[in-house]
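Have a look at the structure below before the remarks.
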Amino acid sequence: MNYLFGKSARILVLLTIALLFSLASQAQNLRSLMKTGDKYFALGNYRAAIPYYEQALNENTDNAEALFKAGVSFLAYDKDRASDYLYKAQRLNAHISPDIEYWLGRVDHVNYRFEDAIQHYEQYANTLAKKANARQELAMLIAQSRFADKMVRQPKDLFVRNLGPTINTPFSDHSPVISRDSKTLIYTTRSSHVTNNPVATDGEYNEEIVEAIRLDADDWSAPRSLSLHLNSKGHDASIQLYDNETKLLLYRQTENGDFYYSMKDHQDWGVPQKVPGHVNTSSYESDAFITADGSTMYFATNHFSKTGDKDLYVAQKTIKGDWGKPKNLGKNINTSFDEDSPFLTADGKTLYFTSRGHATMGGSDVFVTHFNEASQTWSEPENMGYPVNSPDDDTYFRLSADGLTAYLSSYRMGGYGEKDIWSIDLSKSVLIRGLVSDQLEGSADSEIEVVFSSKPLHNKLLTYSVIITPGTRSFELPVQSGRTYKVTFSKNGQVFPTQECNVPATTNENVILEKGFSLAKLPKETAKRN
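The sequence shown runs -27 to -1, 1 to 503 under mature numbering (1 follows the signal peptide of the UniProt record, and there is no 0).
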């Protein structure tokens, strides 16, 4: 009996030792994972930090610290997971971080929960000293949430579409440049699915310029590297095709960032040359636009800023062919925060740009301003509204040659990761004011059904219909412009021969198109509608 008891005791001791060793080993592994994740987190290399926090959560799903830091990290890549992780961290430990209310406000804002975001910001403000510098940022964030809520409640009648997973990746895809015929898209990607880009210090791949060819209205070819000459070991980004599309303006990470250009040599692009003159400085030049006549460049730089924020400048080409001294676009355009991504319409009278300093929905928004030739000034910038802009960064707004489609980079819901490239159909509806002449005898008091239908657009058939009431022969029907419609009329169960109506594209509001239609007498064998 004593022997058995002694043997059991020894086994129990051994099991206890093994368990303690296992727990110690597990705790050591957990500390190692958190330490490595924290190292990347402190550097702002969130992509590299996330796997370590995820492994720590595999060890313990209720690790509030790992949940909090993973949530903050995911905020730049996955808004939904960021929300789930941050809220769970708070439920497990309400004091997980002195800044938890700030981060809950941030994640609520980008997920369109603006009232909740404001409440979290206000609760966070209560924890700060009255003169804390963070109060200024909080006031701006609260203003953005209120403005975003207002914009989302008053959406513009525009269709914004993601270009899809062939173009967009879990990494940042941005800086779209569309060819004049809209068949070629040149853009910048931070993924490695085209070539094996080197990894930058922030844990993402270096920027590379690629191109894709349009296959149809919805689909693009797989992207390929635009040229071996264009992509260096550092960051390279597309800016603009100009000079009859024989030159490509691009950004290259030399010094702090400069403008280069490449000339097309048959089917390839030449070795980039640095843009001459005063537009490149020892500071950061980010984006630019050269006018159609090649005489003027609008560009963004932080060279003249005391705070490091970018402003917009304009420079004229000299008789030597280089660029003269830049001139600030003025306080009406530039703020104490970043202005960037200029784009000028062909007539030189409308300027689109991005700003963090004007009233935005959050992050950078797209604005538009118009040039007054009499006063030689730009108008007060106007926010392009929702859904052009979103609660996060919206940048690199570009127009197609016909002005009917815009392209931009945006980190918004429905994307594939970080920034994606989206298109915006800017064509407006046109009011068809139709007059129908009826050659049929009798049945003058019968209803007539009118149906306008067009070919599928983005996998969606456009169909509009209206009923002409008895005793009248006119109708009004709003339809999308820029389409050729098949028009059918039916009366007393009879369907008349299809007619055609071309509706020219327009970006103007309140356009009316008057059109006459004739209902010819049907042959006797015409079948009635089932």
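For glycine and all other residues, C-beta sits at the position ideal for the given N, C-alpha and C.
A distance of 8 Å or more separates the beta carbons of residue 244 and residue 276. Per DSSP, residue 108 is one residue of the alpha helix (DSSP H) stretching across 107 to 126.
Rounded to whole angstroms, the separation of the alpha carbons of residue 249 and residue 53 is 46 Å.
Annotation: the continuous beta strand (DSSP E) that includes residue 149 extends over 146 to 151. Residue 254 has its alpha-carbon roughly 44 Å from the corresponding atom of residue 455. Pairwise C-beta distances place the stretch 359 to 378 in contact with the stretch 323 to 340, as three or more of them are shorter than 8 Å. Measuring C-alpha to C-alpha distances from residue 362 to each of 383, 177 and 191 identifies 383 as the nearest. In this structure, the CA atom of residue 350 is about 6 Å from the CA atom of residue 344.
The straight-line gap separating the alpha-carbon atoms of residue 271 and residue 141 is approximately 28 Å. For residue 475, same chain residues with a beta-carbon under 7 Å away, outside a window of 5 residues either side, are 457 in chain order. By the neighbour-count definition (other C-beta atoms within 10 Å, threshold 16), residue 283 is a buried residue. With the rule of 3 Cβ pairs closer than 8 Å, the stretch 385 to 398 does not count as touching the stretch 460 to 471. In the structure shown, residue 280 falls within a coil segment according to DSSP collapsed to helix, strand and coil.
Taking residue 129 as reference, the option from 375, 399, 178 and 209 with the minimal CA-CA separation is 399. Residue 421 holds the alpha-carbon nearest to the alpha-carbon of residue 466 among 261, 5, 421 and 56. Beyond the five residues adjoining it in sequence on each side, residue 10 comes within less than 6 Å, by CB distance, of 22, 25 and 26 in the same chain, given in chain order. With three or more CB-CB distances shorter than 8 Å, the stretch 73 to 83 counts as touching the stretch 114 to 123. Take residue 441, set aside five residues on each side of it, and the residues of its chain with a beta-carbon closer than 7 Å to its own are 409, 420, 421, 423 and 448, in chain order. Spatial neighbours of residue 452 in its own chain (CB-CB distance under 7 Å, excluding positions within 5 residues in sequence) are listed in chain order as 402, 403, 405, 425, 437, 458 and 476. Here residue 451 is bridged, per DSSP, to 404. Nearest C-alpha to residue 303 among 264, 261, 354 and 291: 354. Each residue's CA atom was taken as its position, placing residue 305 and residue 428 some 44 Å apart. About 7 Å separates the beta carbon of residue 318 from that of residue 372, a gap short enough to meet the 8 Å contact definition. At a cut-off of 3 residues, the continuous stretches assigned as beta strand (DSSP E) that sit fully inside the stretch 246 to 328 are 258 to 263, 269 to 274, 284 to 289, 312 to 317 and 323 to 328. In this structure, DSSP gives residue 103 a state outside helix and strand, which the three-state scheme calls coil. When DSSP reads this structure, residue 220 sits in a beta bridge with 215 and 236. Taking the Cα of residue 257 as reference, the smallest distance to any Cα among 313, 269 and 2 is reached at 313. The residue from 461, 230, 212 and 264 with its alpha-carbon nearest to that of residue 323 is 264.
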